[in-house]
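**Student:** Here it is: the structure, laid out below.
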Ligand SMILES: Cc1ncc(C[n+]2csc(CCOP(=O)(O)OP(=O)(O)O)c2C)c(N)n1
Ligand SMILES: [Mg+2]
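Chains as they are written, first to last, in my numbering: chain A, 74 to 415; chain B, 10 to 350.
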């Protein structure tokens with residue numbers, strides 16, 4: 074759709090599960106990593122939902138289930154030292170950037186052993202050492218921060234790239250415009266990844282955005298792409314190209330990844346703004362199942378590989394919950410600690 | 010929340026018990042009926058019905074020309090309110106959380122508040138902003154703040170907040186009828202509190218405090234949800250023979266200094282209670298006015314009870330301890346009384 078589209082989408086011509094040669098470029102280890110990350114995200118959230126329903130945690134939980142391929146495909150193309158900024162729906166970004174599920178679960182449980190010592194909760198997990206500059210409760214706010222991280226990398230010449238993840242709901246924000254425009258004018262090593270899951274709360278992306286978000290690339294003079302966000306191979310290939318381009322000093326790229334959240338806006342959302350048919354259509358395009366089908370067809374990994382990973386993840390999850398539940402609650406003497414560097 | 014519902018001023022008409030969110034909805038609905046220039050604008054106010062259900066059902070009743078859903082665009086929402094108000098409408102603009110007003114600060118502070126004055130008193134801005142605030146919900150640092158002092162500090166803005174469904178409805182109706190910019194902060198922990206609200210029409214004037222409980226020994230000056238902590242503290246201490254007066258200011262600007270001073274001149278002791286960060290909070294203004302205007306009447310320093318000097322933490326034990334609860338209010342009242350008993 075975009076007039077200017079140097080980022081290829083690998084000429085997707087094949088069926089739903091065809092990888093258009095991307096699968097063949099990935100090693101078995103990379104395929105295992107992709108499966109592991111996507112399954113971790115899903116199982117982490119299914120488990121968190123159970124804990125929430127059992128009143129073991131509180132606050133707002135935003136599930137990424139159904140969108141796993143976007144975070145996983147993008148982070149698969151990032152180097153360990155690269156940066157991301159994340160959103161309120163951040164568990165997937167966090168896990169894809171390599172976070173530990175036990176420390177994440179403990180954070181959701183509000184315990185001292187959590188990533189933020191219980192001060193952040195689900196909406197505010199950061200792991201700076203892993204390059205995750207933080208989830209964010211303010212829609213759009215991560216975009217200018219990513220631009221800033223990319224500016225820092227350019228000034229320090231550290232060769233790193235920053236990815237800003239944001240939703241379709243951030244498209245209308247002023248922060249989007251300011252952040253992307255500045256990155257484009259300064260030719261910064263940033264990649265802006267819009268996770269268009271069709272809705273921001275009950276508001277459809279097409280209602281909120283006057284024109285498709287990927288159309289804005291030309292307006293900023295940067296490449297943009299609209300991709301099937303439930304096709305991990307397309308996500309990976311597109312992100313790879315954009316990240317490599319940024320690292321070469323050729324500036325930012327805007328990627329709109331079309332996907333869907335299978336669950337409500339938050340764990341408590343039971344509103345009827347989506348039809349059952351629409352949800353079913355997207356569930357049928359589940360990114361994990363599509364990946365498994367494609368890999369099975371290619372005969373690269375076998376059932377044993379998948380089962381071994383599943384088993385390992387179940388053990389990780391069990392450990393994460395046990396760890397969280399056994400961890401101490403923070404004590405009130407820490408309330409005013411870490412407001413400033415002391 | 011186990012809160013005792015204070016008596017609303019005895020109305021002539023029959024009363025019912027409704028939620029604060031319903032009381033607010035009635036205020037909007039009645040004003041929309043009364044004046045076709047009134048409309049609602051904000052994020053998720055229509056199809057969703059408002060993040061805290063205040064506008065639930067209004068889209069179905071009034072349609073999309075009067076219940077206007079917007080994209081996520083707080084600066085635009087604030088500005089839509091200004092532009093529409095300047096040109097003859099009477100907007101009620103909602104911020105989903107008061108924390109997000111940070112994004113709209115230029116429109117609110119540099120535009121809405123100053124428009125009339127800068128242009129020599131020419132313009133009128135019949136504009137109401139509504140915003141949920143306050144902690145205790147497990148929503149962490151960016152969805153729980155109490156930022157009312159920021160706005161009370163800006164000439165050109167009026168700032169109100171209610172502790173009961175009765176006050177909420179009457180205040181919001183007054184705000185919508187005002188030809189000035191009024192910001193109504195609604196404490197999200199008491200949206201689901203029930204209270205008496207008469208069937209018939211009434212207004213609660215802006216700028217008039219309400220004595221929610223009379224007493225002789227100490228005055229607690231407070232607002233919004235903390236009013237209930239003050240009332241609980243008063244109830245507990247009554248058992249010990251300590252008589253506490255609770256003044257709910259209801260309006261930060263204009264501030265009903267007379268009612269506050271009348272109370273303090275009677276009790277000679279004042280505890281100022283608010284849920285915002287204690288340092289630099291609105292309670293400092295109240296405390297300062299009391300000591301300036303009633304210094305000779307005081308038998309003890311004016312005390313402030315407020316929140317910790319920190320963003321609101323997520324974890325429940327931390328969050329609950331970060332802002333004032335009834336026990337802290339009791340403690341402060343005792344401190345104020347030290348030397349008397
Ligand atoms: C600035 C701001 N406005 C409003 C909100 C309330 N809010 C939280 S998530 C959300 C929807 C966001 O939609 P989108 O960006 O598409 O992300 P998704 O939830 O679909 O992942 C809204 C309106 C917020 N957190 N921040
Ligand atoms: Mg969305």
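Every residue gets a Cβ at the ideal spot worked out from N, C-alpha and C, and that includes glycine.
Specify whether the segment 133–145 of chain B and the segment 223–232 of chain B touch according to this definition: at least 3 beta carbon pairs, one from each stretch, less than 8 Å apart.
**Tutor:** No, the segment 133–145 of chain B does not touch the segment 223–232 of chain B.
**Student:** Can you determine whether any heavy atom of ligand 3 sits closer than 7 Å to the C-beta of residue 242(A), and answer yes or no?
**Tutor:** Because ligand 3 does not appear in the structure shown, any question about it cannot be addressed here, the ligands present being ligand 1 and ligand 2.
**Student:** I'd like to know whether the C-beta of residue 30(B) is nearer than 8 Å to at least one C-beta of chain A.
**Tutor:** False, the Cβ-Cβ gap to chain A never drops below 8 Å.
**Student:** For the alpha helix (DSSP H) holding residue 386(A), just list the boundary residues, first then last.
**Tutor:** 376–399
**Student:** Mind pulling the chain B residues with CB within less than 8 Å of residue 131(A)?
**Tutor:** Contacts between residue 131(A) and chain B, judged by CB atoms closer than 8 Å, involve 147 and 325 in chain order.
**Student:** I'd like to know whether the C-beta atoms of residue 284(B) and residue 143(B) end up nearer to each other than 8 Å.
**Tutor:** Yes, the Cβ-Cβ distance between residue 284(B) and residue 143(B) is below 8 Å.
**Student:** So which residues of chain A does residue 284(B) contact, with C-beta pairs closer than 7 Å?
**Tutor:** Here the premise fails: no neighbours, minimum Cβ distance about 15 Å.
**Student:** Report buried or exposed for residue 220(A), applying the criterion of at least 16 other Cβ atoms within 10 angstroms of its Cβ.
**Tutor:** buried
**Student:** Considering only the beta carbon of each residue, do residue 331(A) and residue 282(A) sit closer than 8 Å?
**Tutor:** no
**Student:** Consider the C-beta atom of residue 215(A) and the heavy atoms of ligand 2; say whether any pair is separated by less than 7 Å.
**Tutor:** Result no, Cβ not under 7 Å from ligand 2.
**Student:** In whole angstroms, what is the alpha-carbon distance linking residue 258(B) and residue 155(A)?
**Tutor:** 52 Å
**Student:** If you reduce the DSSP assignment to three classes, tell me which class residue 231(B) lands in.
**Tutor:** strand
**Student:** Taking only the alpha-carbon atoms, compute the straight-line gap between residue 227(A) and residue 201(A) and give it to the nearest angstrom.
**Tutor:** 18 Å
**Student:** Apart from the five residues on each side of it in sequence, which residues of its chain come closer than 8 Å, Cβ to Cβ, to residue 96(A)?
**Tutor:** 104, 306, 367, 368, 371 and 373
**Student:** Measuring alpha carbon to alpha carbon, tell me which of 237(B), 25(B) and 104(B) ends up nearest residue 60(B).
**Tutor:** 104(B)
**Student:** Can you determine whether any heavy atom of ligand 1 sits closer than 7 Å to the C-beta of residue 81(B), and answer yes or no?
**Tutor:** yes
**Student:** Does residue 177(A) have its Cβ less than 8 Å from a Cβ in chain B?
**Tutor:** no
**Student:** Relative to chain A, which residues along the segment 123–153 of chain B have a C-beta separation below 8 Å, given in chain order?
**Tutor:** In summary, the residues of the segment 123–153 of chain B whose CB is separated from some CB of chain A by less than 8 Å are 146, 147, 148, 149, 150, 151 and 152, in the order they occur in the chain.
**Student:** Can you tell me where the alpha helix (DSSP H) holding residue 44(B) begins and where it ends?
**Tutor:** No alpha helix (DSSP H) holds residue 44(B); DSSP gives it neither H nor E.
**Student:** Taking the C-alpha atoms as reference points, what is the distance between residue 88(B) and residue 147(A)?
**Tutor:** 37 Å
**Student:** Residue 245(A) versus chain B: which residues are under 7 Å apart at the beta carbon?
**Tutor:** 80, 81 and 82
**Student:** In whole angstroms, what is the alpha-carbon distance linking residue 171(B) and residue 64(B)?
**Tutor:** 17 Å
**Student:** When you check each C-beta in the segment 194–210 of chain A against every C-beta of chain B, which residues fall closer than 7 Å?
**Tutor:** 194, 196, 197 and 210
**Student:** Report the option in 265(A), 169(A) and 131(A) whose CA atom is closest to the CA atom of residue 109(A).
**Tutor:** The shortest C-alpha separation from residue 109(A) is found at 169(A).
**Student:** Could you give the first and the last residue of the continuous alpha helix (DSSP H) run that contains residue 166(A)?
**Tutor:** 164–169
**Student:** Hey, is residue 367(A)'s beta-carbon within less than 8 Å of any beta-carbon in chain B?
**Tutor:** No, no contact with chain B.
**Student:** Does the beta carbon of residue 401(A) come closer than 8 Å to any beta carbon on chain B?
**Tutor:** no
**Student:** Ignoring anything shorter than 4 residues, give me the alpha helix (DSSP H) runs that lie fully in the segment 173–242 of chain A, in order along the chain.
**Tutor:** 174–181 and 215–229
**Student:** Measure the CB-CB distance between residue 165(B) and residue 125(B) and report whether it falls below 8 Å.
**Tutor:** A Cβ-Cβ contact shorter than 8 Å links residue 165(B) with residue 125(B).
**Student:** Identify the continuous beta strand (DSSP E) that holds residue 100(B) and give its terminal residues.
**Tutor:** 99–103
**Student:** Straight-line CA distance for residue 211(B) to residue 37(B)?
**Tutor:** 13 Å
**Student:** Check whether the Cβ of residue 209(A) lies closer than 7 Å to any heavy atom of ligand 2, and answer yes or no.
**Tutor:** Residue 209(A) Cβ: outside cutoff for every heavy atom of ligand 2.
**Student:** Examine chain A for any beta-carbon lying closer than 8 Å to the beta-carbon of residue 109(B), and answer yes or no.
**Tutor:** Answer yes: the Cβ-Cβ gap between residue 109(B) and chain A drops below 8 Å somewhere.
**Student:** Using a C-beta cutoff of 8 Å, does residue 57(B) count as contacting chain A?
**Tutor:** yes
**Student:** Just checking residue 23(A) against ligand 2 - is the residue's beta carbon closer than 7 Å to any of the ligand's heavy atoms?
**Tutor:** There is simply no residue 23(A) to check, as chain A begins at 74 and stops at 415 in what is shown.
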